[in-house]
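Here's the structure we're looking at; comments come further down.
Number of protein chains: 2
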Amino acid sequence: MQNFVMHNPTKIIFGRDTIQQIGSEAAALGKKALLVYGKSSIKNNGIYEQTTSALKNEGIEIIEHAGVKSNPVISHVREGIRLAKTQKVDLIIAVGGGSVIDSAKAISAGATVDHDVWLFFKGKKSIKSKLPLACVLTLAAAGSEMNGGMVVTNEDTLEKFGIGNKLLHPEVSILDPTATFTVPADYTAFGAIDAIAHILEFYFTASDPETPVQDRIMEGLIINIMDSCERVLMQPEDYNARADLMWCATLALNGLTAAGLGRVGFPMHMIEHSLSAIYDVPHGAGLSIVMPGWMTHESTKNPQKFAQFGRRIFNIRKENEVEIAREGIKRLKEWFEKVAAPTSLSAIGVPKEDIDRIAENAMGLAKIWRLQEYNTDRVKDILQLCR
Amino acid sequence: MQNFVMHNPTKIIFGRDTIQQIGSEAAALGKKALLVYGKSSIKNNGIYEQTTSALKNEGIEIIEHAGVKSNPVISHVREGIRLAKTQKVDLIIAVGGGSVIDSAKAISAGATVDHDVWLFFKGKKSIKSKLPLACVLTLAAAGSEMNGGMVVTNEDTLEKFGIGNKLLHPEVSILDPTATFTVPADYTAFGAIDAIAHILEFYFTASDPETPVQDRIMEGLIINIMDSCERVLMQPEDYNARADLMWCATLALNGLTAAGLGRVGFPMHMIEHSLSAIYDVPHGAGLSIVMPGWMTHESTKNPQKFAQFGRRIFNIRKENEVEIAREGIKRLKEWFEKVAAPTSLSAIGVPKEDIDRIAENAMGLAKIWRLQEYNTDRVKDILQLCR
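Residue numbers (the working numbering), protein chains in the order written: chain A, 1 to 387; chain B, 1001 to 1387.
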């Protein structure tokens, strides 16, 4: 096990009928809030009404900043920062999924400085302060509700960059599984796939090969994400299944799984971010395309770990480690197909001629994320396996 | 899954060569520290020297309060509180295992009030403030380094009581696995057993029967505690094994495993606390006596969960659930014997005539811990199975 520091100060309030607690939680943090959200979904399912009523009951003034889109963009973050500054808000409230929370994080940090917020993402400036942030989560996927990471796309440069900073932990996040009842089947599956990808990035890229307890926790999470996702797709209002999926997605990226692994990378996310940035494909859908190809490419280097994955997730019992590894990847890809996620570039209409361009774009992130072992040729090889 | 709040603000610094960080961490919390520790062991293994040097390098004044014993007693806590008050310390530092940390927690809370500290344990007063607390952990067992619980014995009344309060989370805990290299075999095993007991209390008493992801996490922890304990007993300076055991023991009781389970009880601890209070038996040794008997008694009510334990921990493959449950308990008891822990009252010289007295004493805690479903007869029946 490698040395680590774990310090996760985010308060999680989890369960049914918890959304109204946003009022008292927010009141402890500020008086005038920028309310960041997406489009109409939270108005249709009543969460907007629940949240704003709770805030008004506590006398909190609300400045609205709606319109965050999936794969959130820096121009909209900049608008939010302008609004936060001119309106002198002292608190940011995010109501939505990872895109909304990440936008809110960027606004909360950007509102406290004079320079452009994108400099944080480029690594030219570091985050030293932020406005307090409270979240109401509406999608089980990104894990942003309990960590210090954020991902935003610069639509001018087609860069989708992610960074982490301990200050970016939300002060409080409310996770009510019923808030995800209305998430459609495709985005439910994409969210589950995103959470699985977070775990597998750590699982397969850990610099320390001996992390037995972390492995067991990660395997337990994956088994439960797959199982709860299937149950939700059959019955969208199955509370326990929605709750399992939501909590697993949070635990997948809150620091627990990574603690002790040493250096980890996000190569699958790196390649996927290129797909999202260029084609605006949903993040989870991009991941279900990239993951089987990346795993196939990498499994030859470390068949033991991929065989452990096959044995413990899918109960594959064979003699040969390489065969178990291959079968495990095949079974994961079949599971993506079962939940109706795309598993090839061609399935989303990306021609093989685009592979060079996707690889070049991905390499822009390789530097920021310190994935030194990746070069354009290696990414192209992986993408060839995703066709 | 049941509703829960998770908020664990303790900062964990984990790994080799981390103890000297107590200096800078403590300096951020105060200037004059009460240093709470046990007997000579931290002087023999160099941890006392490492800790005090680091504190002095930061200019922190140290007031010593040594002599905490296993099953820590309230009289010694009261002395610590007097010392903290007269010396006007602004920080408590614990260097030791659960007994030391729990004593330090009681001192940190007691030093801020005028009334006797035992009133907290009796539920007559609630904790509303405490001095900041930094810990250097030297034993993988109790989990107190990352939670808000504490257990202390009143030696006048023979009451061993435990309580929890969110303020009791240490501000920072340093976990260096090498600090446990010199823990002797018996206390290493007792620590592992304590951690397993914490998990199994939750696993078998959860009021919600459907907690699949928590179950997987708890099972993964138990498998790794048993495995790493065995490796440590073979090779006491196996760093990775000591690290696994240490981290598993922390995760076993830091809120992760309990989140979503609903109401949980500590009936095995309740009965064991009576053994510790009357006979001063090491806590882990008391638990290895009580657990198989309690599990045998309770398994008839819920054979499915006990069968899941047998299947997933020991890979027992049989048709009949009751048989798997029984076999799982037998295998756990055999494992306790393998690590040389006692598994019967007679093994520690407690005659069967004492069972009534032990049960009566245990019932004192049943009220405090709200274990309404337990009465003296039920505890006696369980203790009969522990003979």
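No residue lacks a Cβ here, since even glycine has one placed at the ideal position from N, Cα and C.
Write down every uninterrupted run of the beta strand (DSSP E) in the region 1042-1068 of chain B whose length is 3 residues or greater and which is fully enclosed by it, in chain order.
The region 1042-1068 of chain B contains these whole beta strand (DSSP E) runs: 1061-1065.
Contact defined as beta carbons within less than 8 Å: I believe V1073(B) pairs with T1138(B). What is the distance between those atoms, to the nearest angstrom?
In fact, because the Cβ distance is near 19 Å, the residues do not count as touching under 8 Å.
Is the beta carbon of V1095(B) less than 8 Å from the beta carbon of I1047(B)?
Note that the C-beta distance between V1095(B) and I1047(B) is below 8 Å.
Going by C-alpha distance, which of R1312(B), I1289(B), L1175(B) and L1383(B) is nearest F1190(B)?
A check of alpha carbon separations from F1190(B) across R1312(B), I1289(B), L1175(B) and L1383(B) identifies I1289(B) as the nearest.
What's the gap between the Cα of K11(A) and the Cα of A1141(B)?
K11(A) and A1141(B): Cα-Cα distance of roughly 26 Å.
Buried or exposed for T1376(B), please, with buried defined as at least 16 other CB atoms from any protein chain shown within 10 angstroms of its CB.
Result: exposed.
N-terminal and C-terminal residue of the alpha helix (DSSP H) that V213(A) is part of:
From DSSP, the alpha helix (DSSP H) with V213(A) extends over P212 to M234.
Identify, in the order they occur along the chain, each residue of the same chain with its Cβ nearer than 7 Å to the Cβ of T296(A), setting aside the five sequence neighbours on each side.
Counting only Cβ-Cβ distances below 7 Å, and skipping sequence neighbours, we find I329 and L385.
Any beta carbon from chain A within less than 8 Å of D1227(B)'s own beta carbon?
Chain A contact via Cβ: present.
Does any residue of chain B have a CB that is nearer than 8 Å to the CB of M363(A)?
Interface flag for M363(A) against chain B is unset, since no Cβ pair is found closer than 8 Å.
Beta-carbon proximity list for E1337(B), same chain, < 7 Å, skipping 5 on both sides
If we look at E1337(B) and ignore the five residues flanking it on each side, its Cβ neighbours are T1343.
Using a Cβ cut-off of 8 Å (strictly closer), state whether H1297(B) contacts chain A.
Among the CB atoms of chain A, none fall inside 8 Å of the CB of H1297(B).
Between which two residues does the beta strand (DSSP E) containing G1162(B) stretch?
Counting along the chain, the beta strand (DSSP E) containing G1162(B) begins and ends at E1159 to G1164.
Exposed unless 16 or more other CB atoms sit within 10 angstroms - verdict on Q407(A):
This structure cannot settle anything about residue 407(A), because the visible part of chain A is limited to 1 through 387.
From F1314(B) to N1320(B), what distance separates their C-alpha atoms?
The straight-line gap from Cα to Cα measures roughly 15 Å.
Positions along the region 1005-1018 of chain B whose CB lies within less than 9 Å of some CB in chain A:
Answer in chain order: V1005, M1006, H1007, N1008, P1009, T1010, K1011, I1012, I1013, F1014, G1015, R1016, D1017 and T1018.
Return yes when the Cβ of T1188(B) is within less than 8 Å of the Cβ of L1233(B), no when it is not.
Remark: C-beta atoms of L1233(B) and T1188(B) approach each other more closely than 8 Å.
With distances taken from CA atoms, which of R1078(B), G1059(B), A1054(B) and N1057(B) is nearest H1065(B)?
Among R1078(B), G1059(B), A1054(B) and N1057(B), the Cα nearest to that of H1065(B) is on R1078(B).
For a cutoff of 8 Å on Cβ pairs, would you count I1316(B) as touching chain A?
So, not an interface residue.
Short CB-CB distance (under 8 Å) between M1150(B) and chain A
Taking Cβ atoms only, chain A never reaches closer than 8 Å to M1150(B), which makes this a no.
Comparing alpha-carbon positions, which option in V281(A), S299(A), A26(A) and E230(A) lies nearest I92(A)?
Comparing Cα-Cα distances from I92(A) to each of V281(A), S299(A), A26(A) and E230(A), the minimum goes to A26(A).
Quick check on the DSSP output: the alpha helix (DSSP H) that includes L1332(B) runs from which residue to which?
Following the DSSP letters along the chain, one finds L1332(B) inside the alpha helix (DSSP H) bounded by residues E1321 to K1338.
Using 8 Å as the limit for Cβ to Cβ distance, is L1168(B) near chain A?
No, no contact with chain A.
For H1283(B), does the count of other Cβ atoms within 10 angstroms reach 16, so buried, or fall short, so exposed?
Around the Cβ of H1283(B), a 10 Å sphere holds 16 or more other Cβ atoms; the residue is buried.
For D114(A), count neighbouring C-beta atoms within 10 Å of its own C-beta (all shown protein chains included) and say buried if the count is 16 or more, exposed if not.
Classification of D114(A): exposed, given that the 10 Å Cβ count is below 16.
Bridge partner(s) assigned by DSSP for S173(A):
The partner list for S173(A) (beta bridge, DSSP) reads I12(A) and C135(A).
Between D1238(B), W1335(B) and I1316(B), which has its C-alpha nearest P1292(B)'s C-alpha?
Comparing Cα-Cα distances from P1292(B) to each of D1238(B), W1335(B) and I1316(B), the minimum goes to W1335(B).
Can the beta-carbon of E210(A) be found closer than 8 Å to that of N1240(B)?
Yes, the Cβ-Cβ distance between E210(A) and N1240(B) is below 8 Å.
Considering Cα atoms alone, identify which of I1278(B), T1257(B) and M1363(B) is closest to D1354(B).
Looking at the Cα atoms, I1278(B) is the closest of the given residues.
Where do the ends of the beta strand (DSSP E) carrying Y1279(B) lie?
Here Y1279(B) belongs to no beta strand (DSSP E); instead the alpha helix (DSSP H) covers P1267 to Y1279.
Suppose the cutoff is 6 Å on Cβ atoms and the five residues either side in sequence are ignored; what does the same chain contact list for R312(A) look like?
Spatial neighbours of R312(A) in its own chain (CB-CB distance under 6 Å, excluding positions within 5 residues in sequence) are listed in chain order as E219.
Contacts that G220(A) makes with chain B (C-beta to C-beta distance below 7 Å)
Those within 7 Å of G220(A) in chain B are V1213, R1216, I1217 and G1220.
Which of helix, strand or coil does DSSP assign to L1385(B)?
L1385(B): coil per DSSP, three-state reduction.
Could you give the DSSP three-state label for A1033(B): helix, strand or coil?
Of the three classes helix, strand and coil, the one that applies to A1033(B) here is strand, per DSSP.
Just the C-alpha distance for G421(A) and S103(A), rounded to the nearest angstrom, thanks.
Examination of residue 421(A) is not possible in this model, given that chain A is present from 1 through 387 alone.
Give the secondary structure of N1154(B) by DSSP, where H, G and I count as helix, E and B as strand, and everything else as coil.
Residue state, collapsed to three classes: strand.
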